[in-house]
């Protein structure tokens, strides 16, 4: 079953990263976590750069 | 099991904000951010690896250009084009940041659409002829011109007057409720707004916040929006009352 998820990640209200993903398979929670983790890592690297 | 194969990245949006998130547009916020970015050492490796791993199979990429550091911006745009030849690319910016040269550059570099972000002070001050001329130039180089307008309480009367004067070349007009901004619209006003939105211009789209206020129908955000917490855990939106909520979010990311 396919479902759409929107994931929002922000850095101090300055930079906002929004991703929309479509998830297949049964393990939606794991997929969302994996996608979120990648966005989170990216967000944190940006935070380090701009502060 | 490789769950990465089950994830399809449909849209990636990276926005360097020039709006104050909590109140009306604030120049100080924007300039402070511009200074931060200007003073930072861009990390090509981080951008490169991330863009490669995510952008490669992303259907749409949305970038915002805040008027500063065009060199870095086109570097990001070049990488998006390099790693993903099929993605639709949209750039959101303000009209005053677009010169003829930049429009031509975007047109030559596989940018599909330009969304011009407006607010009421700009619509009141700006000469609409200049603005419409900008829209026409965007279309002339093969890109799709769109407009997004921030909707505050007092915005409606201006929007009402300005809409008929906007260029017919605009493909879509997005009316957006500013983040963290919510208010109650009277029943009478809501009815007249809905009537006009449906009757006057079919190019108009509203975001979920605004749609919720207009129609009084609970937005779907609760069921499909998640947010990343400071500890990297994931939460569902606090508006989600239907699911068994394993997580707890104290504040909706938008309101």
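Protein chains in written order, with my numbering: chain D, 1 to 51; chain L, 1 to 255.
Think of the CB as a built atom: it goes at the ideal place given N, C-alpha and C, for glycine as much as any other residue.
Keep in mind it's a predicted model, so treat the numbers as computed, not measured.
1) Between which residues of its own chain and residue 30 of chain D is the CB-CB distance below 6 Å, once the five residues before and five after are set aside?
2) What would DSSP say about residue 24 of chain D, mapped onto helix, strand or coil?
3) So what's residue 226 of chain L in DSSP terms, helix, strand or just coil?
4) Is residue 135 of chain L close to chain D, meaning its C-beta is less than 7 Å from at least one C-beta of that chain?
5) Beta strand (DSSP E) containing residue 204 of chain L: first to last residue?
6) Does DSSP put residue 132 of chain L in a helix, a strand or coil?
7) Between which residues of its own chain and residue 111 of chain L is the CB-CB distance below 7 Å, once the five residues before and five after are set aside?
8) So residue 169 of chain L packs on residue 135 of chain L, CB below 8 Å; how close in whole Å?
9) Heavy atom of the ligand FMN less than 6 Å from the Cβ of residue 116 of chain L, yes or no?
10) Under 9 Å Cβ-Cβ, which residues of chain D neighbour residue 257 of chain L?
11) Is DSSP giving residue 171 of chain L helix, strand or coil here?
12) In the DSSP assignment, find the beta strand (DSSP E) that holds residue 66 of chain L and state where it starts and stops.
13) Just to confirm, are residue 203 of chain L and residue 159 of chain L a CB contact at a threshold of 7 Å?
14) What is the C-beta distance between residue 137 of chain L and residue 100 of chain L, in whole angstroms, given that I count them as a contact (C-beta under 8 Å)?
15) For residue 115 of chain L, report the span of its beta strand (DSSP E) as first-last.
16) Helix, strand or coil for residue 147 of chain L, going by three-state DSSP, please let me know.
17) Taking residue 88 of chain L as the query, report the chain D residues whose CB atoms sit under 7 Å from its CB, ordered along the chain.
18) Any idea if residue 36 of chain D is buried or exposed, counting beta-carbon neighbours within 10 angstroms, 16 or more meaning buried?
19) Just mark residue 71 of chain L as buried or exposed, buried being the case when its beta carbon has 16 or more other beta carbons within 10 Å.
20) Does chain D have any CB closer than 7 Å to the CB of residue 161 of chain L?
21) Starting from residue 158 of chain L and walking both ways along the alpha helix (DSSP H), at which residues does that stretch end?
Answer, in terms of the structure:
1) none
2) coil
3) No answer about residue 226 of chain L holds up, because its pLDDT of 46 lies below 50 and its placement is not dependable.
4) no
5) 204-206
6) helix
7) 89, 91, 143
8) 5 Å
9) The ligand FMN is absent from the structure shown, which contains no ligand whatsoever.
10) Look at the range of chain L in this structure, 1 to 255, and you will see that residue 257 of chain L is not part of it.
11) coil
12) No beta strand (DSSP E) holds residue 66 of chain L; DSSP gives it neither H nor E.
13) no
14) 7 Å
15) 113-118
16) strand
17) What residue 88 of chain L touches in chain D: nothing, since even the nearest Cβ is about 13 Å away.
18) buried
19) exposed
20) no
21) 155-162
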